[in-house]
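Numbering (UniProt numbering), first residue to last: 1 to 840. Okay, so here's the structure we're looking at.
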Amino acid sequence: MNKPKWKCESCKAAKLGSPIIINRAIEEPAEMSSIINIDTESIINLINRRFDSLKSSIDDVNVKLTQLTDTVSSFDQRMLTMEARIDSIQDTTAKLSKENESLSKTIEHLKMEMNFRDQELLANDIEISGVPELKEESVGHIVQLVTKKLGLNIEERDIVKCSRAGPARLGGLVEGASGDNSGSGPSLRPRPIAVRLARRELKDKIISEARVRRGATTADCGLPGPPRRFYVNERLTRTNRFLFNKTREEANRHGWKFVWTKEGRVLVRREQGKASHRIRSINTGQDELLVSIDRHKPDILALNETWLKEGQDLCAPKVPGYVLKLSPRPGGRKGGGVGFYIRRGLNARVREHPDSALEQLWLEVRPRGMGRIAVGTAYRPDSSSKTRVPTGVAIDALSESISSFGECSLVCVMTDFNVDLLKPSLTPAPEVLTFFQQQNLTNLVNEPTRVVENSATLLDLIITDNPQLFRNLSVHHNPSLSDHAMVLVDLAIKIPKEPPQYVWTRVLSKIDEKNFLQDLKEQPWSEILKYDDVEIMTSHFNDLLTCIFDKHSPLKRIRINQRPRPWLTDVGKHMMFLRDKAWSKALATKTERHRRYFKDLKNLVNSAIKSEKRAYFNFFVNNNLDNLKQMWKHLKQTAGVSGNAALPSIPKVLNDPEKINSFFLDVPGDARADNKLVEFFKENKFTESQFSIDNCSEEEVAKIINSINTNASGHGLIFDSIGMIRMTLVVTLPIITRIINKSISSKKIPDTWKIAKVIPLPKGTIVEEFKDLRPISILPVLSKIVERVVYTQLSKYLEAENILPDMQSGFRGEHGTSTALAHVTDEIIQALDSIVTEAY
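So, in structure tokens, the structure goes:
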């Protein structure tokens, strides 16, 4: 509703004549315009002044930049002059360095030749050590006394000369009858006696008799003074003696029992009956080999010149994840030998090849999606070797081997023929190239594989009849490993990678014992005793224990990481990578600066690895002095010392649990008993006494649990172990005893105790069929306790009733193969003594 509006005339007139309205409409625009004009002019003036100042500053900067450019140009000219001088000095230094290296190699060669010649001059010499020095002694008479004790009577004419070796030692002479030094200083070791004999046969007899009569003393020879053991050995040069002493130190450290010399050569043997090895140097380069394999991860690595004889497989480096196959040089001769490192899981087996003088080893590989592949390695000794093989003979042998693999879709040979293909016109390279052409073979390697000072040769070849399937060939030089490069090439086929290995385990060592014991006591164990069915009792017991261990030590999936060497850290491997990269650059540029940089890196890497190795072993040994068994076990694993060769992996085609289970369950016969046989044993009893299994006590159960020394985890309790049961015995021993007694009284074994974890182990080194596997069953821990209870009572009954035969040796205490063999031997001797000889 609109209200009426009314205003008086005076008000309307006053509003229309208001001066405020008139002033707003007329005066405001003029004021705003003046203000804007004043502000704009001042801002423009300020900006102009600022631009003038900035322009002046820029001019100053330009002047300074011009001066700096002139200075840099001057320095650049000086740097060019200095670089030219440095290059000249480097060229001169490189020339002198090459001459020095050549002289050093010549000196080293001459030293080796002199050492060899000096050792030849000592071919008839022996050294007698440990014999005290006497005043005014007759060394020749002492030698005759010693040899007489060894069972040899030598005359003066058999001794060319003899004397004490080395300068006289102050305080080293001993009075004739006393055992003290004539001086007041500490006791000194007497100087050895150097004896040169007239005949080498006599020297060999003396050393042989001395080894037979170990432990002989000076008193046995009639020499004055307290008895002291003496030793008779070959006389060695200083170089060979240093190698011999170092070898003895390393042998004592690694548990090798025998170290000796023969004709100046240092030999070692691990134990009686094992093969002997000649020591030529201390460093074997095993760490370098393991790092190279870990870096490049080849599926197959061919080895030439392994220097391993028959039965020396365990002396080769153990590479985690790889199986080693070796073929030594025929006839047991030294040097040579070929082999392969094969990645586990790869379907490969050793193939026979025609016999020849060429050292060969062949594999048959069956990758998925492709036919059979023949992979071989061959080595031909060079012309300087005593076991040299003519090039033509080697080519014929290799051709015959390749022809024998006609069913294979691809042939690949990794070989060292000791023929330089970088010089195709020099003999015998044309013969080898002609062989490749005739056999339609291709060599994939076109760059030097052996680079030494002032020499680069192509000796290591990869030969194939289908080069289109190969790619990414690379040559990796590592002089710390070998003067031969490692040649790598990829075969364009898909090979399934070995999946990472995981294990499920409980980390019992991290359990809080106080909280664990408290929770263990709070469990309703009494509820188990209310049941009368052993099946329900076992199930309830497993549930309670599983609940506790899941809380305090839950199952964890742990990936198995196989580290080749604990001291080869990531930093050390990266240092090796930088060293190898520096060596490749030094080979490419051939400058002394890069070569010197490589040598510095090489020395740094060697020093770092040696320090890491020393620190690792010191730490591990010092922290395991109270646990010698664990310490030696770990040291043997780390050092690669083992009495058994590594078991091969199961091929993918056989690694199927269902197929393995079906094969071993499908055996001839059935489980039904023969009723006639049962009746026969009932009517023909050995004794009238009855056997029954009695209940066991808690003490017996505890004794049995503590006597189980296996760490194998069974199926029960979700990977149970004897350690888990022992941790709970404070509370669960009465419960376990009650369950075992209930099983005995009810004559029932719970179903959970019948489930075994089966591990298929290869019987030998080759696994091709299911029959090559041996299944090992691991039962739950509680079933082992019941088994031991029954075994103890049954064995006591058999012994008490005299049921077992007297010479039953298998599975019987205090009996075995030795008692059986002794019994058979006694019977043979008695039979021989009872033979009556009649004369006709």
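Backbone N, C-alpha and C define an ideal beta-carbon position, used for all residues, glycine too.
In this chain, the beta strand (DSSP E) harbouring Met486 covers 486-491. Between Gly225 and Thr218, the CB-CB gap stays under 8 Å.
Counting of Cβ neighbours within 10 angstroms places Ile740 among the buried residues, the total reaching 16 or more.
Here His476 carries a strand assignment [DSSP, helix/strand/coil]. By the criterion of at least three beta-carbon pairs nearer than 8 Å, the segment 620-634 is not in contact with the segment 727-747.
Comparing alpha-carbon positions, the option among Lys262, Thr239, Gly336 lying closest to Asp204 turns out to be Lys262.
With distances taken between CA atoms, Pro192 lies nearest to Val232 out of Asp220, Ile154, Val232, Val212. Proximity to Thr237 across Trp307, Ile300, Ala165, Gly215 peaks at Ala165, based on C-alpha coordinates.
Taking C-beta atoms as the reference points, Val781 and Thr737 fail to come closer than 8 Å.
Setting aside the 5 residues that flank it on each side, Ser783 is surrounded in the same chain by Trp753, each with a C-beta closer than 7 Å to its C-beta; the list follows chain order. Nearest neighbour of Gly723 by Cα position, chosen from Leu80, Pro734, Thr710, Leu733, turns out to be Thr710. Within the same chain, Cβ atoms closer than 6 Å to the Cβ of Thr247 are found at Val259, Val266, Ile279, the five residues on either side in sequence being excluded.
Ser356 sits close to Ala397, with the two beta carbons spaced by under 8 Å.
Taking one beta carbon from each stretch, the segment 77-94 and the segment 193-213 have fewer than 3 pairs nearer than 8 Å; the two do not touch. The segment 591-600 and the segment 458-467 do not touch, with fewer than 3 CB-CB distances between them shorter than 8 Å. Gln360 sits buried, since 16 or more C-beta atoms from the chains shown fall within 10 Å of its C-beta.
Cβ-Cβ distances below 8 Å link Gly140 to Glu156, Ile159, Cys162 in the same chain, with the five nearest sequence neighbours on each side left out; the list follows chain order. Note on the segment 511-564: whole alpha helix (DSSP H) runs with a minimum of 4 residues are 513-521, 526-529, 534-552, in chain order. Glu787 carries a helical assignment under DSSP once its states are collapsed to helix, strand and coil. For Ala378, the beta-bridge partners assigned by DSSP are Gln360, Thr415. According to the DSSP assignment, Lys748 belongs to no beta strand (DSSP E), since it is labelled neither H nor E. The beta carbon of Leu145 lies closer than 8 Å to those of Cys221, Gly222, Leu223 in the same chain, with the five residues before and after it left out. The beta carbon of Thr306 lies closer than 6 Å to those of Gly337, Gly339 in the same chain, with the five residues before and after it left out. Residues of the same chain with a CB within less than 8 Å of the CB of Pro354, apart from the 5 flanking positions on each side, are Ala397, Glu400, Ser401, Ser404 in chain order.
Of all C-beta pairs linking the segment 580-587 to the segment 611-626, fewer than three are shorter than 8 Å, placing the two stretches out of contact.
Taking the Cα positions, Asp52 is about 28 Å away from Asp70.
Setting aside the 5 residues that flank it on each side, Thr687 is surrounded in the same chain by Glu801, each with a C-beta closer than 6 Å to its C-beta; the list follows chain order. Look at the segment 551-636 and you find these whole runs of alpha helix (DSSP H), each 4 residues long or longer: 570-589, 592-622.
Cα atoms of Ile89 and Glu83: separation of roughly 10 Å, rounded to the nearest angstrom. In this structure, Arg506 places its C-beta atom within 8 Å of the C-beta atom of Ser553.
Annotation note: the segment 300-361 contains the following uninterrupted beta strand (DSSP E) runs of length 3 or greater, listed N- to C-terminal: 300-304, 322-327, 338-343, 348-351. Membership of Arg200 in the alpha helix (DSSP H) is indicated by the continuous run 200-212. The segment 409-423 and the segment 370-384 touch, with three or more beta-carbon pairs separated by less than 8 Å. Approximately 7 Å separates the beta-carbon atoms of Ile778 and Ile759; this is inside 8 Å, confirming the contact.
Sequence-distant partners of Gln523 (beyond 5 residues in either direction) whose C-beta falls short of 6 Å from its own C-beta, in its chain, are Leu544. Note: Thr261 is bridge-paired with Val266 in the DSSP secondary-structure output.
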